[in-house]
Amino acid sequence: MKIWAHRGCSQRYPENTLLAFEQAAGLKGLVGIELDIQLTRDGQLVVIHDERVDRTTEGIGFVKDYTLLELKRLHIYAGDSSSQCIPTMNEVLDLTEDKLKAGMKLNIELKTSVYHYPGIEEKIVELVHKRGLQESVIYSSFYTLSLEKIQKLEPDVETGVLDTKVSDCLFKLKGCGANALHPSWQGMDLMADRVKGYPVRAWFTGHLYPEKPTGTLLDLTALEKQGITDVFLNEPEVYLGVF
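Counting in my numbering, the sequence shown runs from 4 upward without gaps.
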């Protein structure tokens with residue numbers, strides 16, 4: 004089973020922050036890091052999951068209504084560590100570029116299913132291309148038109164279609180030409196032979212910082228038998244034997 008860090012090491016550290024990504028990048032045996040991108044009001048690529056800033060910062064409102072400077076004034080609680088802020092995609096690549104060039108992967112989810120940020124596909128493809136990281140990146144989205152546009156801009160890049168059920172992922176994949184299936188781990192409603200040959204990267208919601216770890220582990224062997232090839236986990240360090 005291939006293990007990814009979901010929004011970085013997001014159980015022990017604040018999700019989608021440089022702190023969470025730094026901790027993940029240092030894990031031996033980790034396949035890659037998953038993160039989410041959106042655009043600010045002034046067109047800057049930032050890394051944050053929710054369309055609103057309310058849950059993770061002291062701010063209120065939509066990411067798209069903030070300028071980058073305004074977002075950078077918000078704080079993300081980090082316990083004993085210094086408070087974090089919403090990172091730009093450039094900052095994340097500055098942090099991870101050496102690891103990516105050494106073989107680590109980066110799954111970039113375009114958060115375009117609620118609000119389709121005009122030009123977000125062009126911006127991220129241009130940024131990745133400028134750094135020469137095309138082979139290190141996988142793009143994913145619930146919004147298949149974003150994946151179609153990504154493939155037109157960068158035909159050889161890998162794309163993964165997101166949905167809750169693997170059957171819906173497979174249906175959408177055939178329409179948009181994606182390469183991989185990214186269902187919920189609880190959405191494996193097809194027999195394993197129906198998805199054989201595809202990367203099946205399952206995502207989990209689970210417990211996020213600052214919630215306490217549950218102390219329980221998933222049965223990865225059982226998931227593998229269902230056809231799952233990769234898992235996006237909030238606490239990958241536990242599965243990789245660090246803790």
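For every residue, glycine included, the Cβ atom is placed at its ideal position computed from N, Cα and C.
Own chain partners of K102 with C-beta closer than 6 Å, once the 5 adjacent residues on each side are dropped: Closer than 6 Å at the Cβ level, and outside the excluded window around K102, lie A28.
Cβ pair M92, I153 closer than 7 Å: The Cβ-Cβ distance between M92 and I153 does not fall below 7 Å.
Backbone CA spacing between T147 and V49 [nearest angstrom]: Taking the straight line joining both Cα atoms gives about 21 Å.
Helix, strand or coil at G32 [DSSP, three-state]: In the structure shown, G32 sits in coil (DSSP, three-state: anything other than H, G, I, E or B).
V117 burial status per 10 Å Cβ neighbour count (16 or more: buried): So V117 ends up on the exposed side.
Pick from G46, Q47, G64 and D45 that is closest to E54, judged by C-alpha positions: Nearest C-alpha to E54: G64.
Neighbourhood of G190 by C-beta, 6 Å cutoff - its chain only, sequence neighbours within 5 removed: Leaving aside the five residues that flank G190 on each side, the residues in its chain whose CB is nearer than 6 Å to its CB run, in chain order, T167, K168 and V169.
Unbroken alpha helix (DSSP H) run spanning A8, endpoints: Run containing A8: none in the alpha helix (DSSP H); it sits in the beta strand (DSSP E), K5 to H9.
I63, DSSP secondary structure in three states: DSSP, reduced to helix, strand and coil, places I63 outside both helices and strands of the structure shown, so it counts as coil.
Through-space distance from K228 to K199, alpha-carbon basis: Looking at the two C-alpha atoms, the distance is approximately 11 Å.
E240 burial status per 10 Å Cβ neighbour count (16 or more: buried): Label assigned to E240: buried.
Minimum C-alpha distance to D233 - residue among D45, K108, D171 and G218: With distances taken between CA atoms, D233 lies nearest to K108 out of D45, K108, D171 and G218.
K102 - containing alpha helix (DSSP H), residue span: Here the alpha helix (DSSP H) through K102 covers M92 to K104.
Residues near F24 in its chain [Cβ-Cβ closer than 7 Å; skip 5 each side]: Cβ neighbours of F24 beyond the five flanking positions: G11, I36, V95, L98 and T99.
Residue span of the beta strand (DSSP E) that contains L109, given as start and end: Per DSSP, L109 belongs to the beta strand (DSSP E) from K108 to L113.
Endpoints, the beta strand (DSSP E) within which F235 is located: Per DSSP, F235 belongs to the beta strand (DSSP E) from D233 to L236.
As assigned by DSSP and simplified to three states, the class of E54: Correct three-state label for E54: coil.
Contact belief for E112 with S143 at Cβ below 8 Å, rounded distance in angstroms: 5 Å between Cβ atoms; contact.
M194 versus K114 - alpha carbon distance: Taking the CA atoms as reference points, M194 sits about 29 Å from K114.
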